[in-house]
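Asks: Take 449 as the starting number for the sequence shown in the numbering used here and just add one per residue.
Note that CB positions come from ideal geometry on N, CA and C, so glycine has one too.
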Amino acid sequence: MTDFFNDISPLAYAPDSTDLAFRHYNPDEVIMGKRMEEHLRFAVAYWHSFAWPGGDPFGAETFQRPWFGNTMDLARLKADVAFEMFNLLNVPYFCWHDADIRPEGDSFAESLNNFKEIIDYLGEKMDASGTKLLWGTANLFSHRRFMSGAATNPDPEIFAWSAATVKNCMDATHKLGGENYVLWGGREGYETLLNTDLKRERQQAGRFLQMAVEYKHKIGFKGAILVEPKPQEPSKHQYDFDVATVYGFLKEFGLEDEVQMNIEQGHAILAGHSFEHELALASSLGIFGSIDMNRNDYQSGWDTDQFPNNVPEVALAYYEVLKAGGFTTGGTNFDAKLRRQSLDPIDLIASHAGAMDVCARGFKAAVAMLEDGTLEAMRAERYAGWDSTQGKALLESDFASIAAELEAGDVNPQPRSGRQEILENIVNRFV
Ligand code: XLS
Ligand code: NI
Ligand code: NI
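In structure tokens, the structure reads:
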């Protein structure tokens, strides 16, 4: 045991508690035939909670964690504290980037050795605690070598470095029984067209993703490969803008049956969409995979990665997740970080506990809306015309026949109310 969380005890479900506890998240409560824990599949993100030092563009680190530093001993201490937190929160999953868990070495080989040693260490801790890996991923954006991209770099040596890194991160994810492998295209985009061959860069990114899929099959990894869309930041233009853009990209490279989406609340907002729009679109395209749960500050226009605290928003998101059939390999990963003034160990615990409660409330509201059925019934009623014999025949017809029939008759269709406010009032009954 480390002494980091000192006198904080494991959190329990205690609906009336005014102390550090869960008031809404009850992992064992059975809802729609499944335990809440199995529905929500919460994961802690290693990078925000254990690797992020609290910097912003105007100031450096505010957090002074005892494990900060570039040695193997400190990496092991970080893992010890991380697993203590998973235990306090009783979260079933966690996620990592290679760079979060191991110290960077002086060469590829040295970094890889460090990485493999820590992966074995994490494996032992997972066996002992029962915590599972939701997904692994490679950090191909922080180090200066990636400043002009990873797969989309003008320099082939960086493509090779990135490919070898992803290969090893996929091996490690596979070894730890990870349920997904994520690719977020951090620096896959550009700052100025003046120095960028956009066509070539997209081809490189497409081939890179094909290689990842080929490698998954080669090693027999059964988890899902997930791409995480984001419209900008760090690059001004990112190639994986949103779900619709990524779907077109997958089609272009023949990957639409191989790759699914990891959709992040804050990225959806940056793209000018709502979270539920991105979820519903992915579901309708058959590529919904997992979610990165957080929230953005609506004023700043940045990816602020705050912990979720808006129940109605979360409810509409889980409503789409439920309509998509719920998670299979995916889950709810808290890709969220503390504010840089939240210095204390208790802030780390309270932020996650609060977020888990917000998600539980939103989830229960979504279940209630679905079980009530009014929303779905009203939607079905709105489109009922398309289920009629004439409606179905229309899509089999052609312009000339449709026009001939219309011109011969005497019809004058009348618009019907879209009922938006009534529908919003219905949602309000549940949140
Ligand atoms: C950054 C991304 C990142 C991915 C994993 O904006 O959300 O955290 O989830 O690389
Ligand atoms: Ni993000
Ligand atoms: Ni993310």
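Check whether the Cβ atoms of V529 and W515 lie closer than 8 Å to each other.
Replies: Taking the first residue of the sequence shown as 1, we reach residue 529 at position 81. Taking the first residue of the sequence shown as 1, we reach residue 515 at position 67. Their beta carbons are under 8 Å apart, which means V529 touches W515 by this criterion.
Asks: Is it buried or exposed, K880, if we count other Cβ atoms within 10 angstroms and call 16 or more buried?
Replies: The structure shown has nothing for residue 880, since the chain only spans 449 to 879.
Asks: In chain order, which continuous runs of the alpha helix (DSSP H) of length 4 or greater are located wholly inside the segment 750 to 789?
Replies: If we require 4 residues or more, the alpha helix (DSSP H) runs fully inside the segment 750 to 789 come out as 759 to 771.
Asks: Please report how far the alpha carbon of A608 lies from the alpha carbon of P602, in whole angstroms.
Replies: Counting from 1 along the sequence shown, the entry for residue 608 is found at position 160. Counting from 1 along the sequence shown, the entry for residue 602 is found at position 154. Distance between the alpha carbons of A608 and P602: 12 Å.
Asks: Return the CA-CA distance between A573 and I567, expressed in angstroms with no decimal places.
Replies: Taking the first residue of the sequence shown as position 1, residue 573 is located at position 125. Taking the first residue of the sequence shown as position 1, residue 567 is located at position 119. Per the sequence presented here, residue 573 reads as Lys, with Ala not at that position. Taking the straight line joining both Cα atoms gives about 10 Å.
Asks: Please confirm whether N538 and G778 have their CB atoms less than 8 Å apart.
Replies: Counting from 1 along the sequence shown, the entry for residue 538 is found at position 90. Counting from 1 along the sequence shown, the entry for residue 778 is found at position 330. Their beta carbons are not under 8 Å apart, which means N538 does not touch G778 by this criterion.
Asks: Return the residue from the list S683, Y663, E712 that minimises the CA-CA distance to F723.
Replies: On the sequence shown, position 275 is the one that residue 723 refers to. If we check each option's Cα against that of F723, E712 comes out closest.
Asks: Any residues whose CB sits closer than 5 Å to a heavy atom of ligand 3? List them in chain order?
Replies: Residues flagged by the Cβ proximity filter: E712, D740, D783.
Asks: Using 7 Å as the cut-off, classify the Cβ of D585 as near or not near the heavy atoms of ligand 1, replying yes or no.
Replies: Against the sequence shown, residue 585 aligns to sequence position 137. The amino acid at residue 585 is misidentified as Asp; the sequence shows Thr. Yes - ligand 1 has a heavy atom lying nearer than 7 Å to the Cβ of T585.
Asks: Closer than 7 Å: is that where the CB of E636 sits relative to any heavy atom of ligand 1?
Replies: As a working note, residue 636 is residue 188 in the sequence shown. No, Cβ of E636 sits at least 7 Å from all heavy atoms of ligand 1.
Asks: Does the distance between the C-beta of H487 and the nearest non-hydrogen atom of ligand 1 fall short of 7 Å?
Replies: By one-based count along the sequence shown, residue 487 stands at place 39. Checking the Cβ of H487 against ligand 1 gives no.
Asks: Can you tell me whether E872 is helix, strand or coil according to DSSP?
Replies: Position 424 of the sequence shown, counted from the start, is the residue given in the question as residue 872. Three-state DSSP puts E872 in a helix.
Asks: Can you tell me whether K699 is buried or exposed, with buried defined as 16 or more other CB within 10 angstroms of its CB?
Replies: For the purposes of this step, residue 699 is taken as residue 251 along the sequence shown, with counting starting at 1. K699 comes out exposed.
Asks: Output yes or no for whether 8 Å exceeds the beta carbon distance between T600 and Q680.
Replies: Counting from 1 along the sequence shown, the entry for residue 600 is found at position 152. Counting from 1 along the sequence shown, the entry for residue 680 is found at position 232. Against a cut-off of 8 Å, the Cβ pair of Q680 and T600 comes out as no contact.
Asks: Do M804 and L871 have their C-beta atoms closer together than 8 Å?
Replies: Translated into positions along the sequence shown, residue 804 becomes position 356. Translated into positions along the sequence shown, residue 871 becomes position 423. Taking 8 Å as the Cβ cut-off, M804 and L871 do not qualify as a contacting pair.
Asks: Using only CA atoms, which one of R648, D705, N710 lies nearest to V675?
Replies: Looking up residue 675 in the sequence shown gives position 227. Nearest option by C-alpha distance: N710.
Asks: Is it the case that the segment 466 to 478 contacts the segment 549 to 565, given that we only count it when at least three CB pairs across the two stretches are under 8 Å?
Replies: No, they do not touch.
Asks: According to the neighbour-count rule (16 or more other Cβ atoms, all chains shown, within 10 Å of its Cβ), is Y831 buried or exposed?
Replies: Counting from 1 along the sequence shown, the entry for residue 831 is found at position 383. By the neighbour-count rule (16 or more Cβ atoms within 10 Å), Y831 is not buried but exposed.
Asks: Quick one: what's T585 bridged to in DSSP?
Replies: On the sequence shown, residue 585 is found 137 positions in, with the first residue counted as 1. Looking at the DSSP assignment, T585 forms a beta bridge with H545.
Asks: Apart from the five residues just before and just after A499, which ones in its own chain have a Cβ nearer than 7 Å to its Cβ?
Replies: Position 51 of the sequence shown, counting from 1, holds the residue named residue 499. So the qualifying residues of the chain are D548.
Asks: In chain order, which continuous runs of the alpha helix (DSSP H) of length 4 or greater are located wholly inside the segment 562 to 629?
Replies: Whole alpha helix (DSSP H) segments, 4+ residues: 604 to 623.
Asks: Within its chain, find whatever has a CB closer than 8 Å to the CB of C807; leave out the 5 residues flanking it on each side and keep chain order.
Replies: Your numbering for residue 807 matches position 359 in the sequence shown. Contacts found: Y473, L488, F490, M741, P756, V762, Y766, T780.
Asks: Over what stretch of residues does the alpha helix (DSSP H) that includes M444 continue unbroken?
Replies: One cannot answer for residue 444 here, as it falls past the ends of the chain, which runs 449 to 879.
Asks: Measure how close the beta-carbons of D688 and G654 come, nearest whole angstrom, since I'm counting them as under 8 Å.
Replies: Translated into the one-based positions of the sequence shown, residue 688 becomes position 240. Translated into the one-based positions of the sequence shown, residue 654 becomes position 206. That belief does not hold up - the Cβ atoms of D688 and G654 are roughly 12 Å apart, past 8 Å.
Asks: Take V630 and list the residues in its own chain whose beta-carbon comes closer than 7 Å to its own, dropping the five residues that flank it on each side.
Replies: Stepping through the sequence shown from its first residue, residue 630 is reached at position 182. Once the five neighbours on either side are set aside, the close Cβ partners of V630 are W583, T585, L674, E676, N710.
Asks: Does A460 come out as helix, strand or coil in the three-state DSSP assignment?
Replies: The residue labelled residue 460 in the question sits at position 12 within the sequence shown. It is coil, neither helix nor strand.
Asks: Give me the Cα-Cα distance between C543 and Q868, rounded to the nearest whole angstrom.
Replies: Here residue 543 refers to the residue found at position 95 when the sequence shown is read from its first residue. Here residue 868 refers to the residue found at position 420 when the sequence shown is read from its first residue. If you take the alpha carbons of C543 and Q868, they lie about 39 Å apart.
Asks: Assign I684 to buried or exposed, taking buried as 16 or more other Cβ atoms, counted over all protein chains shown, within 10 Å of its Cβ.
Replies: Within the sequence shown, numbered from 1, the residue matching residue 684 stands at position 236. Sequence check: residue 684 is Lys here, not Ile. When all chains shown are included, K684 counts as exposed.
Asks: Nearest to G833 by alpha carbon, out of L854, P861, R809?
Replies: As a first step, residue 833 is located in the sequence shown; it is residue number 385 there, counting from the start. Looking at the Cα atoms, P861 is the closest of the given residues.
Asks: In three-state DSSP terms, what is V952?
Replies: Residue 952 cannot be examined here, being either before or after the span of the chain that is shown, 449 to 879.
Asks: I'd like the list of long-range same chain contacts for G737, defined as Cβ closer than 6 Å, with 5 residues on each side in sequence excluded.
Replies: As a first step, residue 737 must be located in the sequence shown, where it is residue number 289. Counting only Cβ-Cβ distances below 6 Å, and skipping sequence neighbours, we find A672, L674, Q708, M709, N710, G778.
Asks: What are the boundary residues of the beta strand (DSSP E) that includes M741?
Replies: Taking the first residue of the sequence shown as 1, we reach residue 741 at position 293. Where M741 is concerned, the enclosing beta strand (DSSP E) stretches over 736 to 741.
Asks: Ignore the nearest five residues each way along the sequence and tell me which others in I874's own chain have a CB closer than 7 Å to its CB.
Replies: The residue given as residue 874 occupies position 426 in the sequence shown. Cβ neighbours of I874 beyond the five flanking positions: T822, L823.
Asks: Is D795 near ligand 2, in the sense that its beta carbon is under 7 Å from a heavy atom of that ligand?
Replies: The sequence position of residue 795 within the sequence shown is 347, counting from 1. Incorrect: D795 has no Cβ contact closer than 7 Å to ligand 2.
Asks: Select from P793, T579, A856, G503 the residue whose C-alpha is nearest the C-alpha of T450.
Replies: Within the sequence shown, residue 450 is the residue found at index 2, counting from 1. Here the closest residue by C-alpha is P793.
Asks: By DSSP's criteria, L631 is part of a beta bridge. Which residues make up the other side?
Replies: Taking the first residue of the sequence shown as 1, we reach residue 631 at position 183. Looking at the DSSP assignment, L631 forms a beta bridge with V675.
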